Amino acid sequence: MEALFAITLGVLAASGVYLLMRARIYPVVMGLTLISYAVNLFLFAMGRLGTGVPAVIGKSAEYGDPIPQALVLTAIVIGFAMTAFVVVLSLRALGELRTDHVDGEEPR
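Below you can see the structure in the form of structure tokens.
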């Protein structure tokens with residue numbers, strides 16, 4: 001299972017970095033979103049209990065650590081809000097500049 005998480009993290013991060021290097025606004029936004037997904041998956045994977053282990057361990061009522069799940073949930077909400085803001089900002093820039101290039105100029 002760790003290998004699957006590692007491969008998924010690598011693919012998400014590599015795809016995000018590739019999209020960040022594009023000259024258009026939409027791929028840059030998608031790249032930032034993919035990198036945030038990779039970070040969320042990393043945080044969630046670091047906080048899991050283990051394979052086949054229940055969330056409540058034994059009769060002493062020791063619970064699993066809820067901090068990683070809370071961090072990921074908060075990061076998802078903040079990431080969605082920031083993505084929506086950047087999309088609206090890019091649509092405004094597209095309307096005013098008539099181009100969707102990151103630097104505002106068409107390539108020569």
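Everything in the sequence shown is counted per the UniProt record's numbering, starting at 1 for the first residue and increasing by one. No residue lacks a Cβ here, since even glycine has one placed at the ideal position from N, Cα and C. Quantities reported herein were computed from a predicted structural model and do not represent experimental measurements.
Residue i vs residue j beta-carbon contact at 9 Å
i           : j     : result
ALA75       : SER36 : yes
GLY31       : MET21 : yes
ASP103      : ALA93 : no
residue 113 : ALA70 : In the structure displayed, the chain extends from 1 to 108; residue 113 sits before or after that span and is not available.
Residue from the options whose Cα sits closest to the Cα of residue i
i      : options                       : result
VAL28  : GLY47, LEU97, VAL39 and VAL87 : VAL87
PRO68  : ASN40, ASP103 and GLY95       : ASN40
ILE7   : ALA38, GLY95 and ALA23        : ALA38
LEU73  : GLY47, HIS101 and ASP100      : GLY47
ASP65  : PHE85, PHE80 and LEU43        : LEU43
GLU105 : GLY95, ALA84 and ALA23        : ALA23
Counted within 10 angstroms of its Cβ, other Cβ atoms place residue i as buried (16 or more) or exposed
i     : result
ILE25 : buried
LEU4  : exposed
LEU19 : buried
LEU91 : exposed
LEU34 : buried
LEU89 : exposed
Q | Inside the segment 14-39 only - alpha helix (DSSP H) runs reaching at least 4 residues | A | Residue ranges of uninterrupted alpha helix (DSSP H) with 4 or more members are absent from the segment 14-39; none lies entirely inside it.
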